[in-house]
Amino acid sequence: MTEGSTRRTMLATGTAALAATCVGCGNNNGNGSSSSTGTPTSSGTPTASAASPTAGSSASGSASAAAGSALAQTSEIPEGGGTIFKDQKIVVTQPAKGEFKAFSAICTHMGCTVAKVADGTIDCPCHGSKFHIADGSVAHGPATRPLPAESITVNGNSITLG
């Protein structure tokens, strides 16, 4: 029976450790970021609150249900950086002055939400993947696929989904 008890103890301990590890990789703000839900995060500059999320946002990072929703003013997206909108699961970047791009904020490696935009990359806190702000391509693995592009519209100083 000692062997059965040891096996049971190992299974219980392993299951608990696996559950604790998976919590950090969830899509529901379990990424250790200090930003509150609904508040965009950016590279070193304070920003205004994001528009309220829509209940129809999908877990894949697509914001099609929220199309037309105002995200930010162009002045809120730092040049050479970007801003993460956690509720919409979108990251908007400005690789060059006046050029705005949008990508899914869900890492293609294990599905974690990216946490920051710094030094020309969009960074995932879970396993260290980094993506280029200009095109979402992988700058540093373990991710092997780029962040999917999202659709935004820039009209004057306003950035909207869709």
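Heads up, this note's numbering is the position in the sequence shown plus 189, with the first residue counted as 1. In this text, a Cβ means the ideal position worked out from N, Cα and C, and glycines have one as well.
Within 8 Å, strictly: CB atoms of K278 and S293: yes
Cβ distance (whole Å) where T310 is taken to contact I322 below 8 Å: 6 Å
Buried/exposed call for A291, threshold 16 Cβ in 10 Å: buried
Sheet register partners of D312 (DSSP bridge): K305 and K319
Chain-order list of residues whose beta-carbon lies under 6 Å from that of C313 (same chain, five-residue window excluded): C296, C301 and V303
Opposing strand residues paired with I341 [DSSP bridges]: L350
Beta-carbon spacing of A261, V281 below 8 Å: yes
Unbroken beta strand (DSSP E) run spanning S293, endpoints: E288 to S293
Local Cβ density within 10 Å of T236, reported as buried at 16 or more and exposed below that: At T236, the pLDDT of 34 sits below 50, so the modelled position is not reliable; the number obtained from the coordinates is stated separately. Buried: at least 16 other Cβ atoms inside 10 Å.
Bridge-paired residues (DSSP) for G271: T282
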